[in-house]
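For the sequence shown, this note's numbering gives the first residue as 377, with consecutive numbering after it.
Here a beta-carbon is modelled for each residue, glycine too, at the ideal position from N, C-alpha and C.
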Amino acid sequence: MKRAFILGLFLLTSSALWAQIPTSYYFPPNTRLNAQITSPEKFFGFQVGDWHLRPDQIDAYFQLLVKESPRLKVETIGQTVEMRPLILATVSSPENMKNLESIKAAHRKLTEPLAGKPASLGAMPLVVWMGYSVHGNEPSGANASVLVAYYLAAAEGEEIESILKNTVILLDPHINPDGIARFAHWANIHKGEVINPDANHAEHQEPWLSGRFNHYWFDLNRDWMPVQQKESKARVAKFHEWMPNILTDHHEMGTNATFFFQPGVPSRTNPLTPKINQTLTEKIAAFHAKALDGIGSLYYTKEGFDDFYYGKGSTFPDIHGCVGILFEQASARGHAQESSNGTVTFPFTIRNQVTTSLSTLRAGVALRTELLQYQQNAFATAYEEALRDATKGYLISAGGDRARLFHFQEILAAHGIEFKSLKKDLAQSGLVFKKEESLYLPLVQRETKLLQAMFQEQTSFTDSLFYDISAWSMARAFGFQFAPLKQAPEVEAVPTTSFPKGEMPSATGSIYAFAFEWKHYYAPKALYRLMKSGIRAYVAREPFSTGERQRFAQGTIVIPLGNQSLSQETIKRRLAEIAEQDAITVVPLTTGLNLEGPALGSEKFLPLEMPKILLITGAGVSPTDAGDVWHLLDSRMNMAVTLSEGRRIRAMNLNRYNILLMTGGTYSELDAESVKKIRDWVEAGGTMIALESAADWAIEKGLSSAVIKKLKSDTVKPGNVPFRDVANYEGAKVLAGSIFEVGLDLTNPLAFGYEEPRQFLFRTTRTFLEKPKQTAMPAFTYAQKPLQSGYMHPEQMPLASGAATGIVTARRNGSVVVFPENLCFRAFWLGTNKILMNAIFFSALLRESRGGGGENDNH
């Protein structure tokens, strides 16, 4: 055992010595391999672990195995933004491979409570999903997948025959190909003939955009429930197609750690997860422990990690009668790196991932009947509980914003969640839900537990530490009107789930102008496309009513036909196209004289400037926070965004831009000269928008005059906390991700497009702002008891109560807007996207609303 451990950690000093690691190093003792199956070493020309494999190399090897082995098939289930294929390999005995569709159908019957007689478990194979390297710079998983596939295709003997007979194995070799490709390139180009384990060596120091993320800098391990990214959509569709019994999620962690496998911290399991799930996880863990004992690898369990947020790869399965298992391997972050446990080599990290992949399969065979029965019981029990539940379903409405409702329908459809339309308008909880604008989601359905999880709201927890966010209510995320119902309403099938088409009604007589309201989700996209076409547009500062007796809210966009550079027919044609494509309603106006409110020629209609946006990236910036904003603007709104690292600010011509966006981060690369340049640019007329911790930075540098709220004192003195509890005491003060209620001043340009004064913000920072010392009400004011869902340390509650956000500081001709919140969190928080759009498009109104011309005159 000791010898094996030393071999695993032994520092190899040349590529020649490295290549001497035999294939047998990775597999159990006395493994027999079919010589007719090409080994990875022979195929690549080097041993796995010698170089970091690219996704295309992995794909090529899997395709070879298909040709050589009847045990395996490969399908392409999707494609990344960077056009890399997402492959999934299915492995089982040749007999099972011939009957996959019937096996899949029989297995899915386990999850159908109304399928009639319970499915016979008999000789039904277990379905095991193995997912590798969702974080691209955690490469041991993706590289291990090649060896696991080789073992399953080539191994001989009773054990492998039993595994193949009793399981259908789904191998997802690279969940995040774009990130893996990025990291493999970096590690390989810095590898020398002499392997250098120094942590300061370039190989171990990735550039700012590490391989962890996908193309849009998203953490795909947080996207299983929201399914916003292309990779997630493909993977989740296949998950629901198969409904596996075990799902493994192979990760890496800090170099100085060892190896972790679940269960995690028991008190941090989501209450919707059945207790038997954790019991089965422990039973499976015994197989991992035995396998790792056999090769002398250090490990731990029941510490550090949790099973609370259902958007994670190891937790999402737990609500589907499946057992999700997280593996975390201490990372070499290259080919070898020094650690407190000795030198961690890349082959050693791969070996642990292969070992626990195989121990998972042994556990699956041994616990096959228990795991199948658990899944069958989980869905049957959940269905019975739903029948008894006082809540019969959930009612949601996006008002007249059909696009926002459609995007939520996409999530529901991705998970097979049933939804219906109302037969007639329904008054509920003081709200009116119009039948054409609402959806009803019955609780009694197959995915009842996932549906409950989506609308889950709680503020009381048995444990105050969270590995990820503590709240994610979809009703709040999408900004819906929402009501749980005690009695099912009259419903009918939803007519269509396709993207809604907008419209531009024809008008009688001559047309003077066109208008569309800002409440539509894609109104900013439509406006940007119009301005990009060279069409001038105006925004209404106040409500108005036209000669057609139609009332328009403040924030309405008006396009006059006169004094435009394009012909009237061209403008009409372009407007009709954009209205249909962006799900907005464009209304023709026959006169500029309004019955109520200002005339169209009034100063109350402000000409708009096309946004030219610079988003600061690079060292000191959170990639996921910046990625949230980039994805919203680029992918959803189709707006051009210049991405530039902060270190380049000093040399840039900032006058090319009128909007500067900063998200979460420390902005360590922005020195005093850069700060001065930004200040001068703002004062000359630019708008700086600082989100999350960038708000702290803007305040610290004196760019914003907002004031951060401070606690008077801690109620518990640090000196009174036992040493062993200090970390937990401080950790409980972290705001992991919670939802807060705010009141809106609907007349403020930052609130244009909203019709309800009560909205919900998501935040992960502890910075709360004082109300400005002025007579005007701030755009957003936190409620006196604002925590709607999630955890917040009791000592910090006074910070949130009555706080303000969206503070605008006028600086001569420009302005600085600060939001300590994330307004587009993980692409599914659509409800507050419009706030960011308002800050971008209506910056001139923001300056004027603070008196204009003066510096810091909002305080």
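- The Cβ neighbour count for D801, taken over all protein chains shown within 10 Å, is under 16; the residue is labelled exposed.
- Of the other Cβ atoms in all chains shown, fewer than 16 fall within 10 Å of the Cβ of V570; this residue is therefore exposed.
- T1063 and V1118 have their C-alpha atoms some 24 Å from each other.
- Of all C-beta pairs linking the stretch 1021-1031 to the stretch 1053-1062, three or more are shorter than 8 Å, placing the two stretches in contact.
- Cβ atoms of L747 and L656 come within 8 Å of each other, at about 7 Å.
- Closest in C-alpha terms to V1193, from the list P1154, N406, W1205, L1137, comes P1154.
- A straight-line Cα-Cα distance of about 25 Å links L906 and G923.
- Secondary structure within the stretch 707-759: the alpha helix (DSSP H) runs of 4 or more consecutive residues, fully enclosed, are 722-742 (chain order).
- Here G994 is near E1045, since their CB atoms are less than 7 Å apart.
- Here L1137 is buried. Its C-beta has 16 or more other C-beta atoms within 10 Å.
- The Cβ-Cβ distance between E823 and H783 does not fall below 7 Å.
- Collapsing the DSSP output to three states places G454 in a strand.
- Its chain contains no residue whose beta carbon lies nearer than 8 Å to that of G568 once the 5 sequence neighbours on both sides are disregarded.
- Of the residues assessed, D625 falls on the buried side of the cut-off, its CB having 16 or more other CB atoms within 10 angstroms.
- Take the alpha-carbon of I695 and the one of P639: they are about 15 Å apart.
- Counting along the chain, the unbroken beta strand (DSSP E) around R1139 starts and ends at 1134-1139.
- In this structure, DSSP gives R764 a helical state, which the three-state scheme calls helix.
- Counting only residues of its own chain and dropping the five nearest sequence neighbours on each side, V934 has a CB closer than 8 Å to the CB of A889, F890, A891, A913, Y914, V915, A916, L965, L976, F981.
- N753 and G697 have their alpha carbons spaced roughly 8 Å apart.
- In the assembly as shown, P871 is an exposed residue. Its beta-carbon has fewer than 16 other beta-carbons within 10 Å.
- DSSP lists no beta-bridge partner residue for D801.
- In this structure, the straight-line span from the alpha carbon of F920 to that of N970 is close to 7 Å.
- Of the other Cβ atoms in all chains shown, 16 or more fall within 10 Å of the Cβ of I1211; this residue is therefore buried.
- For A902, the closest C-alpha among the options I947, A929, G1022, A864 is that of I947.
- One alpha carbon belongs to D844, the other to L596, and they sit about 13 Å apart.
- Counting along the chain, the unbroken beta strand (DSSP E) around Q1160 starts and ends at 1156-1165.
- Just measuring C-alpha positions, the residue of D574, V467, D435, M459 sitting nearest L448 is V467.
- DSSP places S921 within a strand segment (E or B) once states are collapsed to three.
- Under the DSSP definition of a beta bridge, Q705 partners with E628, F635.
- In terms of CA proximity to D682, F637 leads the group H577, F637, E514.
- Around the beta carbon of N1198, a 10 Å sphere encloses 16 or more other beta carbons of the protein chains shown; the residue is thus reported as buried.
- One Cα belongs to W505, the other to I622, and the distance between them is close to 6 Å.
- Take A1066, set aside five residues on each side of it, and the residues of its chain with a beta-carbon closer than 6 Å to its own are M1038, A1074, V1194, in chain order.
- Using a 10 angstroms sphere on the CB of I556, the tally of other CB atoms reaches 16 or more, which defines it as buried.
- DSSP places D435 inside the alpha helix (DSSP H), whose first and last residues are 431-444.
- In this model, A610 and E444 are separated by some 27 Å (Cα to Cα).
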